[in-house]
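> Residue numbers (my numbering), protein chains in the order written: chain A, 1 to 482; chain B, 1001 to 1605; chain C, 2001 to 2303; chain D, 3001 to 3305.
Using N, Cα and C, we set each Cβ at its ideal position, and we do this for glycine too.
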Ligand SMILES: Nc1ncnc2c1ncn2[C@@H]1O[C@H](COP(=O)(O)OP(=O)(O)OP(=O)(O)O)[C@@H](O)[C@H]1O
Ligand SMILES: Nc1ncnc2c1ncn2[C@@H]1O[C@H](COP(=O)(O)OP(=O)(O)OP(=O)(O)O)[C@@H](O)[C@H]1O
Ligand SMILES: [Mg+2]
Ligand SMILES: [Mg+2]
Ligand code: NI
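(1) In this structure, what does DSSP give as the bridge partners for residue 2209/C?
(2) Identify the residues that DSSP records as bridge partners of residue 366/A: which are they?
(3) The alpha helix (DSSP H) that contains residue 458/A, what's its start and end?
(4) So if I measure from each beta-carbon to every heavy atom of ligand 1 and keep distances below 6 Å, which residues remain?
(5) Taking DSSP as the reference, what is the three-state secondary structure of residue 2277/C?
(6) Under 9 Å, Cβ to Cβ, is there at least one residue of chain D near residue 1024/B?
(7) Got a sec: is the Cβ-Cβ distance from residue 2145/C to anything in chain D below 9 Å?
(8) Of all the options 308/A, 274/A, 288/A, which has the alpha carbon lying nearest to the alpha carbon of residue 316/A?
(9) Could you check the C-alpha separation between residue 264/A and residue 251/A for me, to the nearest Å?
(10) Identify whether residue 2023/C lies in helix, strand or coil by the three-state DSSP scheme.
(11) Tell me which residues share the same chain as residue 2234/C and place their Cβ nearer than 7 Å to its Cβ, disregarding the 5 neighbours each side in the sequence.
(12) Compute the minimum distance between the beta carbon of residue 2126/C and the heavy atoms of ligand 6, and state whether it is under 8 Å.
(13) Identify each residue in the region 190-213 of chain A for which the Cβ-Cβ distance to at least one residue of chain C is less than 7 Å, and report them in chain order.
(14) Buried or exposed for residue 1581/B, going by 16 or more other Cβ atoms inside 10 Å?
(15) Between residue 1041/B and residue 1233/B, what straight-line distance do the alpha-carbon atoms span, to the nearest angstrom?
(16) Answer with buried or exposed for residue 3106/D, where buried requires no fewer than 16 other C-beta atoms within 10 angstroms of its C-beta.
(17) Residue 1353/B: buried (16+ other C-beta within 10 angstroms of its C-beta) or exposed?
(18) For chain C, is any of its Cβ atoms less than 9 Å away from the one on residue 1198/B?
(19) If you drop the 5 nearest sequence neighbours on each side, which residues of the same chain put their C-beta closer than 8 Å to that of residue 1290/B?
(20) For residue 1227/B and residue 1043/B, what's the separation of their Cα atoms in angstroms?
(21) So, helix, strand or coil for residue 1383/B, using DSSP?
(22) Measure the alpha-carbon distance for residue 1525/B versus residue 1493/B and round it to whole angstroms.
(23) Have a look at the DSSP bridge pairing and note the partners of residue 1238/B.
(24) What are the residues that DSSP puts in a beta bridge with residue 1011/B?
(25) Secondary structure at residue 1044/B, three-state DSSP: helix, strand or coil?
(26) Mind pulling the chain C residues with CB within less than 8 Å of residue 343/A?
(27) With residue 23/A and residue 101/A assumed to form a contact (beta carbons below 8 Å), what rounded beta-carbon distance in angstroms separates them?
(28) Identify, in the order they occur along the chain, each residue of the same chain with its Cβ nearer than 6 Å to the Cβ of residue 339/A, setting aside the five sequence neighbours on each side.
(29) Can you check whether the C-beta of residue 3279/D is within less than 9 Å of a C-beta belonging to chain B?
(30) Just curious, the alpha helix (DSSP H) that residue 2043/C is in, first and last residue?
(31) Could you please give the first and the last residue of the uninterrupted alpha helix (DSSP H) stretch that includes residue 401/A?
(32) Between residue 1406/B and ligand 2, is there a pair consisting of the residue's CB and a ligand heavy atom that are separated by less than 8 Å?
(33) Given a limit of 9 Å on CB to CB distance, which residues of the region 1062-1081 of chain B reach chain C?
(34) Based on Cα-Cα distance, which residue from 1447/B, 1426/B, 1460/B, 1485/B lies nearest to residue 1470/B?
(35) Would a C-beta distance cut-off of 9 Å place residue 1498/B and residue 1436/B closer than the cut-off?
Right, here's the structure in full:
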């Protein structure tokens, strides 16, 4: 609402905890951008590492990194950030007792952080890790030393509601699951945002959100289903924005034969047939819309190392049938196909597979159920998506899907070694060629049937100026009134 | 001075989907101050409808019409409903009903219900009303009347509630009191008290009273004038002694012959053939014609005139002089059948029920049977009498083996009943219950109902079953074509016969009949009692008969056992107990039983 | 004159009376509400039966380029799709027609399961009383105290959604009405004299229950069945609406409403059309239930 | 009386424990909360961390008895999501649900009882038919559909009422109507049948014979008796509304217990679900008890020993 300089954003997911060190979901990244600052920023356009709380860095050797800090970074309670604070934050999260959600990310490579002087900290790495700076930029929010120990007791929820961060906005009030009120923080070290107040309301139902948007009750909503975004965007009541999104959608096929050692999916011809059967162009255009595009790689084309020259299987149901026949399934076979989001797309996939003779039993379930079934190796094929945590690097998608993880259904040990080897080097060219080879293998073996990249659909009130970034992360702090 | 009540040509019709019931037709009655008019007639004859029409309490859809309807010279027909309810219902005409248990509002105190009529009319001040209510309660014989004012109806017994109803009606000092079967639901001893009370009050206050009853003896004892109703019409009316001692109409005559009389030697009863007429279309001729043994051609062509008979009373019949009934009494067929050994003996039976009065309240024990011993001999009819709640039905269930006594032993055929296999027991003794409506499964055809005991015994051959059912129907004199009817298509008497047929199909040696006729009209009761007599004569049936009617005991029993509060208080040969009771309670029971003080000759006149 | 003889005139008068079944039929046919309800249900059942003949399209066939077309009366419609298309470009009319199958299958299946459970427990509790009755009453209280929708969600969650799971769960959650009614009816019938007569003839409890009690519960069970039919259909649609019911792409009206919900302001028919179908089916069941209840209750129309 | 209440209280607790045990088993067999907490892009190590953090790697019976032990000391555990004691959470949310339940009940009573009474006093008239029509229709309209239609109608076509949130009384108008409408058929039918039955009772005939008719007859003699069963049903319906407004609360974005329950189930927030189900069971039994006590207060025949 421009009149009282308050941006009212709606979110369907409940906001329960403001401390991004203890959360994972996307909504929390958006909020963390507002309330917290990280050591570095990644330029969304160029993917370059930019200074933020840190002014610069230097690799002392392959596993030692020195980072220098600004001297004017203020916490929301007015105290200045020191090197001790930074070291505390990282050491705490890396320690097992933090039980932080970021612990896994950090513990992989961080040994400890040491204070060199008032403006410098030193990171000791356990091994070579090419994505150090990205992790520093994305995952860890800085806290005052001792934050998580209250009266001698560990309190992991210390920052969950009365957050003291270093970001451009500070928390005025927070009612978990209902409403978060933020106010511009005048002591912010960076560029001051234009809008004075941001109110984030939880409205679980998109229909209700939309009604609120129409009646002027909210100014911004995201994750808007395409149809709604288009329809409402066509009215003067709201503006439809469609931005890029690093998220990609794909079908993971049980090539390893976890569900059935001799099942059809263990046959590469069948997997190729499935790739041929899917009209991904139409799905991208009609069901996801906006900037979404069909993809043929197991990564987002915008990601570093995502080589687009790998095999592409064009939409060709005839060919798919032939391949199935060739594989010994002229009459198709029954296939349990799991999905948890984008129901229309899941149904479209099912319909396309049915069209080439595969008898699909669509199991549209809650994410938890899918995750659980997958962990139990009970899923022959599922419609997955991955947002890479906003990281425009193939590493962010390849590692989790093709190395030791229940998401890896390829059963290809060589591929796994290949992908892990990319993380043993800081040489970007070498990484590029490794990923290129890996992506090529995945495509040739048709371990996946890549579907499409996503598009982020937003609806904003007509007088809101909301710039979009190519990495697909909404940054409310950059908005302004028209 | 005009008569207190004068109604001429009252008709009531009830439109039903598809047709119309003519429930009251052309009824004329009149009543003097201080007099009692008794209206008698079998169930469904339109007694209540006539009274309700007077009170404007008919069902919503009913239409009432009369040429005269005057109360104390005031033409009631000119009053609109509002004025009628203010001026007549209550202050002028009071009415009490049959069901004392449900006629008081359960959620308000006695006091409130007694006083509200007067208070809402502003007749008396609060204090006065209270005083008057307490006085009246005292007058009707309620102990501790002041305390009762704050009690609720459920805290009173049935007889007390009926007294409260009477007192409540008297609060507005009506000039006419209508009592619609005021005592039918009560025990005979209580019945006598209530009727005495009503009589006294009528005399004290010079009220007119209409006493509706199906019990001819009650009406004979308590009324000045009597109207006999049949099929919605008054077929005979006049002074009580004239109408009931020297009935002129063939129907009234038949009715008198159908009732067992305490004062006469027991003999076959004169059952009226056929069933009550349908009220859907008014008959052109005499309404009783289809069942009348004096039926003539002209009976069915035109409605007979009301005919004067010895000045005091008149009747509606084509016969100019009333027919004379045959005087001889046909003796019972089973009289003097030999009595054999004990077949069922109960020794020292105790039955204690545990009930909770309130939800989760303390348990209460009811000693339903207290050390009862009794034996039933082969070939005899043993009557068990006693007031309501004295444990008769409980004992019957125990004798049948349907319930286990708390202590004591029942021996059947010289073996403990528990040792008998259910089939053996069933083959020996069968029950007949009071309510012919609930004793037949409404979802089964008669053939299935009657064949069921045989099937349970393991008989599968459909031919055998069919034959047995046919024979059973013959025994109870039901036509074979009813085989495929449902119980709902039968009259009460026919149903009771089906129940008897079912009991007899396995050829048991004994029947235990729990009030088999008390739900039936007297004419039907006569059929059933005669049937029992036949069965005894033809099959040598042993019979335990539970009843509360002294006349029935007199009619059919060889021996009688009197129960009070779960104890046997007297036992002996029937005629001896009835003539020379030794127990006070039995004496009261006998004294309270309404009776015609008539001789055989009188009935025959 | 033989007094025990029944005059034939009287008997003949009674023989013209109708059997209970005939009376029932006659009253049914003169009850407007019942006729409307039965008509609705019959029509919908026929549609379900002949869905393949009636549906103009394959309800699963998608044309992504023809998504969310409006119905024929609205602007921009395609005459090939009488009621437009859904978000995957499938013919809405065909999906609505096939949706009858889901609703009717689930309604009947769940009502039957509920009936089996409820009537069994009700008859046992009513007939045996005592400890059996107490145990069953406790079960009843526990069941009633459980928020049904939540439990259903949790259960579907566990077993994974499919039409049979939904039938089973909706059925398992809807037996209380049967139980309450059959329990008290059994208690009442049990105390009637014809039961005592059967026992006196040596009938075992089983024989009494099958032969004497159940036939008398029949009409009440039918009445509850029709009501439960409606309730089960609504329950399925609620579950599907919440996303834990019927699996896509199977056409279920509740699911269709949930899917259309997002676009309801611009394409209200997506919500309104399946809503109306659901309404008609359930109202049909309820009218039938009301009618049957009126007819079987002795005083005529009196719930 | 006290003994009765104590016994019923015991029953309530027993029911609550039975129900919560059932819920506990169901939920735990159903889902692994760790996955739910972790979210869409969670890596396995995050899931593992979470599992350890919440003690989800302990055997089921241990966890149940742990929970039970907590409950006996008044501690219902901590929500996996909200990071605060479940009891606090439920207490926080309860007021919205209470407001919604009571206002819905108000709507129900306002519509159902007068309509039922009018129908009963004019049986088979057009009023009666209309009332039955309302009842049958209200029964056949799915709650969620009515909610959506109300939003379309009053939020968009005639935007006179807010369609989401729970700030002012105006926010409660639509949800209260939608939720209240679902109880109208039962209450209306019961009022109607009850009154018809009472109007045919012998004691009403007695009152008529004493010269009462019309409104005084209804007020002084019929209403109290007829309302006895209605009160029980109202209490049960109110009890159900405390827990059963899942759909209404989520459609209208009211932050009450229903929505909390929905989200907790979908998110496998077992402690929260456990407590909610426990509380709903207690509320249900308590409402029944309340109905019994009210009935006993009105009807002298029922005396609680
Ligand atoms: N509400 C009603 N609807 C239809 N028919 C009725 C109604 N009330 C009474 N009848 C019929 O009207 C006729 C006369 O009934 P009424 O109650 O006057 O008989 P009664 O002589 O008082 O009988 P009883 O001795 O059984 O009380 C009967 O055939 C009865 O079936
Ligand atoms: N199942 C039972 N539980 C508790 N009390 C019972 C039970 N059956 C009978 N009683 C009580 O036992 C006593 C005797 O009842 P019973 O039915 O045997 O009397 P009755 O002489 O047959 O009376 P009526 O003439 O009214 O039929 C009554 O006080 C009754 O309330
Ligand atoms: Mg009568
Ligand atoms: Mg008895
Ligand atoms: Ni003769």
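Short version:
(1) For residue 2209/C, which the question treats as bridged, DSSP gives no partner whatsoever.
(2) BP columns for residue 366/A are empty, so no partner.
(3) Per DSSP, residue 458/A belongs to no alpha helix (DSSP H); it is in the beta strand (DSSP E), 448-460.
(4) Having a Cβ closer than 6 Å to some heavy atom of ligand 1 are 1014/B, 1021/B, 1023/B, 1041/B, 1043/B, 1044/B, 1045/B, 1046/B, 1047/B, 1048/B, 1049/B, 1059/B, 1214/B, 1279/B.
(5) Looking at residue 2277/C - three-state DSSP - the assignment turns out to be helix.
(6) Residue 1024/B does not count as touching chain D.
(7) Interface flag for residue 2145/C against chain D is set, since a Cβ pair is found closer than 9 Å.
(8) 274/A is the residue among 308/A, 274/A, 288/A whose C-alpha sits nearest the C-alpha of residue 316/A.
(9) The C-alpha of residue 264/A lies about 15 Å from the C-alpha of residue 251/A.
(10) Taken through DSSP and simplified to helix, strand or coil, residue 2023/C comes out as helix.
(11) Closer than 7 Å at Cβ, skipping near neighbours: 2282.
(12) Of the ligands this structure carries, namely ligand 1, ligand 2, ligand 3, ligand 4 and ligand 5, none is ligand 6.
(13) Under the 7 Å Cβ criterion, the region 190-213 of chain A contributes 206, 207, 210.
(14) Residue 1581/B sits buried, since 16 or more C-beta atoms from the chains shown fall within 10 Å of its C-beta.
(15) Going from the Cα of residue 1041/B to the Cα of residue 1233/B covers about 10 Å.
(16) With fewer than 16 Cβ atoms within 10 Å of its Cβ, residue 3106/D is classed as exposed.
(17) Label assigned to residue 1353/B: exposed.
(18) No, its Cβ sits nowhere closer than 9 Å to a Cβ of chain C.
(19) Once the five neighbours on either side are set aside, the close Cβ partners of residue 1290/B are 1274, 1277.
(20) For residue 1227/B and residue 1043/B, the distance between alpha carbons rounds to 15 Å.
(21) Strand at residue 1383/B.
(22) About 8 Å.
(23) Residue 1238/B pairs with 1226/B, 1313/B.
(24) Per the DSSP secondary-structure output, residue 1011/B pairs in a beta bridge with 1065/B.
(25) In the structure shown, residue 1044/B sits in coil (DSSP, three-state: anything other than H, G, I, E or B).
(26) In chain order: 2248, 2259.
(27) Rounded to the nearest angstrom, the Cβ distance from residue 23/A to residue 101/A is 6 Å, consistent with a contact under 8 Å.
(28) Annotation for residue 339/A: 346, 364, 383 place their beta carbon closer than 6 Å to its own, counting only its chain and skipping 5 residues before and after.
(29) Answer no: the Cβ-Cβ gap between residue 3279/D and chain B never drops below 9 Å.
(30) For residue 2043/C, the uninterrupted alpha helix (DSSP H) run begins and ends at 2032-2049, by DSSP.
(31) Counting along the chain, the unbroken alpha helix (DSSP H) around residue 401/A starts and ends at 395-402.
(32) No, Cβ of residue 1406/B sits at least 8 Å from all heavy atoms of ligand 2.
(33) Residues of the region 1062-1081 of chain B with a C-beta atom less than 9 Å from some C-beta of chain C do not occur.
(34) By alpha-carbon distance to residue 1470/B, the top candidate from 1447/B, 1426/B, 1460/B, 1485/B is 1447/B.
(35) It is a contact, given that the beta carbons lie within the stated cut-off.
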